[in-house]
Ligand code: IVH
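Numbering (our numbering), first residue to last: 38 to 731.
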């Protein structure tokens with residue numbers, strides 16, 4: 038089956054696009070495209086590059102335009118749909134979607150096994166164990182091989198028909214050859230997920246737009262399924278695992294497929310038909326002891342998975358036995374969830390502090406009664422902005438549910454409004470800066486209130502902290518506490534002040550000996566000749582992160598060159614779009630900023646591209662690098678510095694412009710993406726070290 042498809046792929050790719058094609062060739066082209074979708078979205082093992090897939094896809098679009106009568110609803114071009122106008126229709130599930138009973142430890146599982154053995158009167162049971170995916174549940178119906186309906190769980194009996202959105206999930210086939218197995222209609226259960234990396238990226242983009250991030254990938258996945266615009270759903274890249282067949286009918290005269298006698302068999306059955314089922318994760322065990330071991334072992338691997346799971350599901354493998362055991366009104370008696378250590382906890386919201394950042398943004402921070410989640414004590418959490426407080430209806434004195442999903446910053450999921458006793462007070466967002474009393478303002482499109490007073494002490498001190506930080510001028514031994522101390526005692530009031538410190542006065546302050554002052558002076562002096570990109574980053578221009586700062590630095594000879602660059606010129610550079618370009622432009626049109634730069638120059642800072650740091654001519658000159666995952670011995674920043682020292686350039690994402698992707702453990706989606714671009718060389722740390730000659 039596979040080899041002819043690869044051969045056909047090559048043929049299609051080598052065909053000239055304008056060549057005449059007979060309508061009979063459309064279907065084979067669709068088969069080729071479906072095959073590559075499956076390789077990419079289900080097996081995560083693509084055989085062609087993205088642009089080659091696009092080439093085939095465009096060809097199919099062209100042919101379908103020429104022969105609209107031959108378009109089929111399960112064609113790869115037909116996932117896309119127009120925006121929905123009405124609400125999602127409510128639909129009834131063929132079989133109610135029950136929940137699962139929960140267990141938390143080995144005793145609970147032993148208990149479950151004992152009851153299951155009593156019920157079946159068997160000495161030992163065979164179990165199939167698989168992950169409990171932490172997303173939004175869905176129910177899918179396929180009729181005569183076509184996906185005809187996708188619905189959310191709803192109340193378990195009825196859910197929302199979200200078919201147009203479900204069709205955007207590329208790990209779900211729009212058609213599958215059930216009829217070859219004698220199956221006419223089938224209802225399948227599964228879970229829609231957003232993988233951790235995509236979730237992180239999505240939250241980053243939300244925050245960049247000044248919107249609050251979501252608490253966890255589950256909410257992101259469920260929310261996405263309910264969007265009214267399927268084209269946005271398509272861009273979010275949802276994934277789906279299917280793990281249960283709740284109902285099916287056979288074609289007349291057909292017998293039940295052999296595979297559908299066990300749960301493990303159903304998982305295989307779905308996998309063979311092109312679905313992403315937990316084929317690689319599931320295990321079958323005799324008796325509960327090894328089940329318990331597998332559950333514990335999987336928990337230790339939890340953070341290494343690219344998607345979130347919140348436990349394991351243990352199912353009696355024999356489907357006839359399942360039938361015999363039946364269900365309660367709430368859950369099946371033949372299955373149980375083994376829940377991993379909680380990443381949620383409840384605590385009391387006792388206060389709110391309003392912090393003013395470097396850019397004047399006022400951020401409310403909830404003060405909580407300290408609570409431990411997954412080994413970390415949490416006592417304060419950013420609650421982002423006024424809109425967020427209102428949306429979540431947060432009040433002082435509320436009990437709140439908080440979550441720390443994997444390596445994500447803890448978030449408040451919701452306030453527990455039922456636990457209120459009337460003493461809770463609403464949170465009043467200030468209209469004046471809590472530090473300098475200046476009136477706050479808000480851009481119409483933004484959710485953030487800002488203090489516009491450039492001289493606001495809170496902003497001034499945050500700007501200094503940023504300027505000396507590790508990735509900026511990296512002034513060692515000048516920590517936040519000292520900066521604040523100097524600032525409060527009037528010794529330091531702005532960035533140029535760092536280079537005009539009165540060391541004699543500092544000597545009279547408590548905690549400063551001769552040695553520590555000497556050291557401080559040395560590192561401040563040394564910072565004057567830091568490379569230009571660090572300076573650029575240190576200035577704290579909005580949207581200019583480390584990578585962008587490096588890009589800019591490569592393209593200029595001195596900092597003030599930027600004064601004369603138009604937004605259009607800035608956009609010619611890698612990674613710089615209208616937003617970033619606009620922000621840089623605005624910064625360099627501001628007289629105060631120019632004065633600051635001139636002052637720094639007068640104080641002896643190198644604001645030019647130093648010949649030593651100019652990277653042209655290095656052995657890696659013209660080559661670009663990206664590092665992903667945890668490297669065995671090097672820190673990412675060290676590895677990047679090594680590549681740059683040899684003239685290499687660091688990119689922020691995988692694209693056709695990338696030459697080398699250096700991968701460590703848990704490399705994730707960047708690696709997947711890079712594999713599909715055959716001009717990118719993938720290296721291990723050892724290979725990278727060899728390349729740079731270390
Ligand atoms: S089986 C009748 N298997 O967990 C059996 N459920 O807390 C139905 N879930 O509503 C469930 N991974 O949304 C099953 N491998 C898995 C699962 C799974 C996640 C969800 C499902 C269910 C919820 C119960």
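Glycine included, every Cβ here is placed at the ideal spot set by N, Cα and C.
Beta bridge counterpart(s) of residue i as assigned by DSSP
i	result
residue 353	164
residue 170	346
residue 139	374
residue 398	487
residue 452	437
residue 281	226
residue 418	403
residue 409	414
residue 697	662, 718
residue 390	402
residue 369	364
residue 220	287
Presumed contact (8 Å Cβ cut-off) between residue i and residue j, rounded CB distance
i	j	result
residue 432	residue 452	7 Å
residue 137	residue 374	4 Å
residue 662	residue 684	Incorrect: roughly 11 Å between the Cβ atoms, too far for contact.
residue 8	residue 389	Absent from the model: residue 8. The displayed extent of the chain is 38 to 731, so no value can be given.
residue 589	residue 624	11 Å between Cβ atoms; not a contact.
residue 495	residue 402	Contact flag wrong, Cβ pair sits at about 13 Å.
residue 666	residue 690	That pair is no contact at about 15 Å.
residue 101	residue 63	7 Å
residue 717	residue 698	6 Å
residue 197	residue 191	6 Å
residue 245	residue 173	The pair is not a contact, with the Cβ atoms about 25 Å apart (cut-off 8 Å).
Per-residue DSSP class, three states only, for residue i
i	result
residue 486	strand
residue 718	strand
residue 364	strand
residue 524	helix
residue 649	Confidence at residue 649 is low in this model, with a pLDDT of 45, below 50, so the placement of that residue is unreliable and no value is reported for it.
residue 469	strand
residue 644	coil
residue 132	coil
residue 38	The predicted model places residue 38 with a pLDDT of 49, which falls under 50 and marks its position as unreliable; any figure quoted below should be read in that light. If DSSP states are grouped into helix, strand and coil, residue 38 belongs with coil.
residue 203	helix
residue 496	helix
residue 385	strand
residue 611	coil
residue 475	coil
residue 197	strand
residue 249	coil
residue 178	strand
residue 287	strand
residue 567	coil
residue 687	strand
residue 602	coil
residue 328	helix
residue 188	strand
residue 322	strand
residue 547	coil
Exposure of residue i, with buried meaning 16 or more beta-carbon neighbours within 10 Å
i	result
residue 269	exposed
residue 113	buried
residue 178	buried
residue 674	exposed
residue 98	exposed
residue 446	exposed
residue 688	buried
residue 171	buried
residue 204	buried
residue 442	buried
residue 57	exposed
residue 215	buried
residue 334	exposed
residue 497	buried
residue 474	exposed
residue 460	exposed
residue 366	exposed
residue 567	buried
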